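Take a look at the structure set out below.
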Amino acid sequence: MSIRLPIFRKRKQKENDQSTLTNIPRHVAIIMDGNGRWAKRRGLPRAAGHKEGMETVKKVVRQAVEYNIEALTLYAFSTENWKRPKTEVEFIMKLPGEFLHTYLPELIDNNVQVRTIGDLTPLPEHTKEAIHKAIEQTSTNTGLVLNFALNYGSRAEITGAVNQIVKEVADGQLSPNEITEDYISARLYTSHVRDPDLLIRTSGEVRISNFLLWQIAYSEFYFTDVFWPDFDEEQFKLALLEYQNRKRRYGGI
Ligand code: V07
Numbered sequence: 010m011s012i013r014l015p016i017f018r019k020r021k022q023k024e025n026d027q028s029t030l031t032n033i034p035r036h037v038a039i040i041m042d043g044n045g046r047w048a049k050r051r052g053l054p055r056a057a058g059h060k061e062g063m064e065t066v067k068k069v070v071r072q073a074v075e076y077n078i079e080a081l082t083l084y085a086f087s088t089e090n091w092k093r094p095k096t097e098v099e100f101i102m103k104l105p106g107e108f109l110h111t112y113l114p115e116l117i118d119n120n121v122q123v124r125t126i127g128d129l130t131p132l133p134e135h136t137k138e139a140i141h142k143a144i145e146q147t148s149t150n151t152g153l154v155l156n157f158a159l160n161y162g163s164r165a166e167i168t169g170a171v172n173q174i175v176k177e178v179a180d181g182q183l184s185p186n187e188i189t190e191d192y193i194s195a196r197l198y199t200s201h202v203r204d205p206d207l208l209i210r211t212s213g214e215v216r217i218s219n220f221l222l223w224q225i226a227y228s229e230f231y232f233t234d235v236f237w238p239d240f241d242e243e244q245f246k247l248a249l250l251e252y253q254n255r256k257r258r259y260g261g262i
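Count along the sequence shown from 1, then add 9; that gives the number in the working numbering.
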């Protein structure tokens with residue numbers, strides 16, 4: 010007669026499956042790269058890639074709201090992007106208006122606060138009008154802070170802060186020993202949000218390209234080969250899972 014021995018199974022690590030996300034980053038920043046290449050692959054004009062990329066923005070924002078992410082910063086237009094053909098720049102500058110025309114009501118419904126970082130001065134008037142309206146109409150919202158980086162460059166941002174601080178010192182309003190990291194942070198475009206916990210870049214490039222240089226000092230980086238228009242709900246979830254697993258690994262020591 011055989012004796013039955015109890016089998017002790019290792020407890021299933023439930024937290025590791027796709028359906029359970031813990032340790033959600035509070036601020037996610039994204040370099041939305043690969044729109045032109047996505048279009049080229051399909052034999053479409055680059056504009057088609059930008060348009061599809063705009064649809065991805067809507068999906069990612071919905072998901073960020075669902076996950077209760079506090080802030081989402083999207084690199085929509087860099088200071089370098091002005092070098093592109095005039096027709097392409099003109100097309101891209103219509104996107105904020107188009108986006109907000111269809112999507113602003115949903116942003117308001119979802120308690121999203123629209124903000125920008127960067128110098129909006131050189132943007133076309135129609136672009137600025139659409140954006141200012143969205144900023145105004147969402148200014149009292151308390152949910153997701155949705156930051157669009159427009160005509161943004163990190164070195165220009167830091168240079169601006171340095172100039173401001175030097176002027177305060179020269180005017181005798183500020184003593185050099187009062188220049189702390191917090192004092193500098195407060196003079197950057199991002200003074201209304203915490204530093205990003207996670208930085209995502211799509212489309213295979215493994216560079217920072219003058220995006221949030223000061224603010225990403227302690228961020229986790231996630232690079233994927235997926236083109237921005239293909240960065241769907243599943244892809245975003247993969248990035249959040251990777252973030253969660255990194256936190257778990259070094260949290261365990
Ligand atoms: C832009 C679509 C996404 C891929 C990257 C380049 C093209 C949404 C906006 C936007 C900006 C401000 C705002 C509401 C929407 C946008 C630009 C480019 C310049 F208040 N997408 N998107 N702005 N692309």
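Yeah, the Cβ is synthetic: ideal placement off N, Cα and C, and Gly gets one too.
Computed from a predicted model, the values in this text were never measured in an experiment.
Under 8 angstroms by Cβ, that's how I've got residue i and residue j pegged, so tell me the actual separation to the nearest angstrom.
i, j, result
"N156", "I126", "5 angstroms"
"E251", "Y227", "With 8 angstroms as the limit, E251 and Y227 do not qualify as a contact, their Cβ atoms being about 17 angstroms apart."
"F220", "T65", "Not really, about 18 angstroms apart at Cβ, beyond 8 angstroms."
"H36", "R203", "5 angstroms"
"N265", "P131", "Here the chain comprises residues numbered 10 to 262, so residue 265 is not present and cannot be evaluated."
"S163", "L207", "Actually they are not in contact, since the Cβ atoms of S163 and L207 sit about 17 angstroms apart, beyond 8 angstroms."
"A158", "L83", "7 angstroms"
Decide if residue i is buried, meaning its Cβ has at least 16 other Cβ atoms within 10 Å, or exposed.
i, result
"R124", "buried"
"T149", "exposed"
"G52", "exposed"
"G213", "exposed"
"H59", "buried"
"P94", "exposed"
"N9", "With the chain represented from 10 up to 262, any question about residue 9 goes unanswered, as that position is not in the structure."
"D234", "exposed"
"A80", "buried"
Compute the Euclidean distance between the alpha carbons of residue i and residue j, then round it to the nearest angstrom.
i, j, result
"L183", "S87", "32 angstroms"
"H110", "V69", "18 angstroms"
"R50", "G181", "58 angstroms"
"S218", "I40", "9 angstroms"
"L153", "K137", "21 angstroms"
"T151", "R71", "15 angstroms"
"R55", "L197", "32 angstroms"
"S200", "K142", "21 angstroms"
"A248", "R216", "17 angstroms"
Would residue i count as contacting chain C if we go by Cβ distances under 7 angstroms?
i, result
"S228", "Protein chain content of the structure displayed is limited to a single chain, and chain C is not contained in it."
Please classify residue i: does DSSP put it in a helix, a strand, or coil?
i, result
"F17", "The pLDDT assigned to F17 is 49, lower than 50, so where the model puts this residue is not dependable, and the model offers no usable value."
"A85", "strand"
"V123", "strand"
"Y231", "strand"
"H201", "coil"
"L155", "strand"
"Y161", "strand"
"A195", "coil"
"V37", "strand"
"G52", "coil"
"I78", "coil"
"I209", "strand"
"I167", "helix"
"P4", "The question about residue 4 has no answer, for the chain in this structure spans 10 to 262."
"G236", "According to the sequence shown, residue 236 is Phe rather than Gly. Coil, per DSSP."
task: For the region 68-81 and the region 253-260, state whether three or more C-beta atom pairs, one from each stretch, are separated by less than 8 angstroms.
output: Taking one beta carbon from each stretch, the region 68-81 and the region 253-260 have fewer than 3 pairs nearer than 8 angstroms; the two do not touch.
task: Would you check if the region 115-122 and the region 141-148 touch, i.e. whether three or more CB-CB distances between them fall below 8 angstroms?
output: yes
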